[in-house]
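Residue numbers (the UniProt record's numbering), protein chains in the order written: chain A, 1 to 308; chain B, 1 to 308.
We put the CB at the ideal spot given by N, CA and C, even for glycine.
Quick caveat: nothing in here was measured; it's all calculated off a predicted structure.
See below for the structure under consideration.
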């Protein structure tokens, strides 16, 4: 990984209680920063800024370090770790939030260790847009800033969100969020509206269907990989973002071609996430597994001329 | 079109009353055979077997003839033409059937003119599977048989449907129908289950997201073209089937490569259907328009190397 640039990821670390069709899973280690760090670490050195409570198991941090993840930016606060509980329907398409306990995450103020401030690649996970702006003040001339957000901030903090959008290179949202942010249902027109608000490129995730990239070249579609075994979609979006930035960190330049390849790698890392409960798969993911999945995804669009 | 093989299409012709976000449209000429014939006729000579009532306007049949559609198999029965009424939601994603009047379609018994019996390409539109089998008895050694079906027959006529599936080359259904037919939610496993029931290839349509082809080569994904203006999705699935078979009729062999190209052409013809009320666009569609849209769809997967 010596040729990859470091990535800084700011987001949540959590315990999730999951009611899945395959059964109930309790105290599952999750959070946006956790999933994104694990998939990004397949490609590049990762630095994490997050907060956990005194109940968070040390062995998880040690396992992250073993994957090249710098955990010095993970603050251990007095109190309990952020906890989310949700129930998925039989088809894993819809989910209901049963409980959210912010706990130590309620007072999270991202503070970057000095050694993090020159990180060239930055992922602003889904936290308060004011905190995302605060992180941007603490980094020095990053090469690429990617941000996520959610419905809660779109309706609750439109002004700060608008400021954040003006300062990032890539926004990654799902189709519902794109529609809510723009007020436009049509995906293509929604994308144009959002790009006019600041971000140079926009990625719209569409669940199992894959994701669209809108940039100066036009539209690129990374088709979702049809999985045989879908177990738990929790963290798939964050695993996508981690794979996206991770792949870009292996490239010398963020070109339109690199972005398109990053989309396919991101689709691959997201697909692994769904194949196990929690971080069961992304926590042990190897680069050659990702490469094989990328090849499988590319085959989805191949015209099969070689077989003629 | 002299190099294209003829296509026989059996299905419904109808009047639709549509409540669209853009307004109400009444007495819109529709039906599965109508849409499929119009898009197939972009590529090849088309022969239609259907029934209309004495209220069906002669000028529509004349316009079809002008596009190379042989209408001698369209029976004009005493009574009213099949009529469907539906309302779409604001986002054109969900629709509610408000009324269905089978009228002359209730007694439809497809009878092929002698001149139709040697047609090499056959599209069995969504009619009673017993009638689909009846059509198969009337054709002589077709090169390719493609069939559509729907929930109503999956639950209501499982035995006849099973017989039909054993005798076709390609089944085209949407994802809901694939799940209902197989009893399996996972698309990949549902596809394997359906292929084991007879059809050599399976196409699963997924609305705006495009369509998947499952065949002996594996899986191929034709991404939906993100449209700026979505007006009326009525007939999009039939326009897909017509474009699919139409493209194949221009090819000397039904190879895996030809099937993949047919998927992209089908996605293109379906996208035009959505851009106007009823057959407003597919009824006047030109081959070069389809070629341009196919190029736009292929650009969706391009890695943009040429722009580097």
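Outcome for residue i when other beta-carbon atoms lying within 10 angstroms are tallied against a minimum of 16
i: residue 16(A); result: buried
i: residue 208(B); result: buried
i: residue 23(A); result: exposed
i: residue 242(B); result: buried
i: residue 54(B); result: exposed
i: residue 205(A); result: buried
i: residue 11(A); result: buried
i: residue 148(B); result: buried
i: residue 230(A); result: buried
i: residue 284(B); result: exposed
i: residue 174(A); result: buried
i: residue 158(A); result: exposed
i: residue 69(B); result: buried
Collapsed DSSP secondary structure at residue i in the structure displayed
i: residue 388(A); result: Since the displayed chain A opens at 1 and closes at 308, residue 388(A) lies outside it and no answer follows.
i: residue 290(B); result: helix
i: residue 299(B); result: helix
i: residue 181(A); result: helix
i: residue 14(A); result: strand
i: residue 309(A); result: Only positions 1 to 308 of chain A appear in this structure, which leaves residue 309(A) out of reach.
i: residue 193(A); result: helix
i: residue 307(B); result: Unreliable positioning characterises residue 307(B) in this predicted model, as indicated by a pLDDT of 38, which lies under 50. The coordinate reading is nonetheless provided below. Three-state DSSP puts residue 307(B) in a helix.
i: residue 8(B); result: strand
i: residue 72(A); result: coil
i: residue 92(B); result: coil
i: residue 201(A); result: strand
i: residue 1(B); result: The predicted position of residue 1(B) is uncertain, since its pLDDT is 44 and thus under 50; a value taken from the coordinates is nonetheless stated next. In the structure shown, residue 1(B) sits in coil (DSSP, three-state: anything other than H, G, I, E or B).
Distance, residue j Cα to residue i Cα
i: residue 99(A); j: residue 86(A); result: 7 Å
i: residue 96(A); j: residue 176(A); result: 16 Å
i: residue 88(A); j: residue 185(B); result: 14 Å
i: residue 196(B); j: residue 155(B); result: 19 Å
i: residue 41(A); j: residue 125(A); result: 16 Å
i: residue 8(A); j: residue 119(A); result: 6 Å
i: residue 226(A); j: residue 187(B); result: 7 Å
i: residue 249(A); j: residue 43(A); result: 7 Å
i: residue 274(A); j: residue 232(A); result: 5 Å
i: residue 258(B); j: residue 144(B); result: 13 Å
i: residue 264(B); j: residue 168(B); result: 21 Å
i: residue 260(A); j: residue 199(A); result: 17 Å
i: residue 103(B); j: residue 52(B); result: 9 Å
i: residue 39(B); j: residue 201(B); result: 21 Å
i: residue 28(B); j: residue 277(B); result: 8 Å
i: residue 254(A); j: residue 246(A); result: 12 Å
i: residue 181(A); j: residue 151(A); result: 8 Å
Any C-beta of chain B under 7 Å from that of residue i
i: residue 219(A); result: yes
i: residue 105(A); result: no
i: residue 16(A); result: no
i: residue 185(A); result: yes
i: residue 209(A); result: yes
i: residue 91(A); result: yes
i: residue 308(A); result: In this predicted model, residue 308(A) has a pLDDT of only 32, less than 50, meaning its place in the structure is not dependable; the value taken from the coordinates is given anyway. Chain B, which has a Cβ nearer than 7 Å to the Cβ of residue 308(A), makes this yes.
Neighbour flag for residue i against chain A, beta carbons, 7 Å
i: residue 88(B); result: no
i: residue 257(B); result: yes
i: residue 301(B); result: yes
i: residue 154(B); result: no
i: residue 260(B); result: yes
i: residue 253(B); result: no
i: residue 223(B); result: yes
i: residue 188(B); result: yes
i: residue 228(B); result: yes
i: residue 214(B); result: no
>> Please give me, in chain order, every unbroken run of the alpha helix (DSSP H) with length at least 4 that falls completely inside the stretch 210-287 of chain B.
In response: Qualifying alpha helix (DSSP H) stretches, in chain order: 236-248, 256-274.
>> Just to confirm the assignment: which complete beta strand (DSSP E) runs, minimum length 3, are found wholly within the stretch 99-178 of chain A?
In response: Counting only runs that start and end inside the stretch 99-178 of chain A, the beta strand (DSSP E) elements of at least 3 residues fall at 121-124, 144-148, 170-174.
>> Quick check for students: name the residue ranges of the alpha helix (DSSP H) that lie wholly in the stretch 22-58 of chain A, counting only runs of 4 or more.
In response: 32-40
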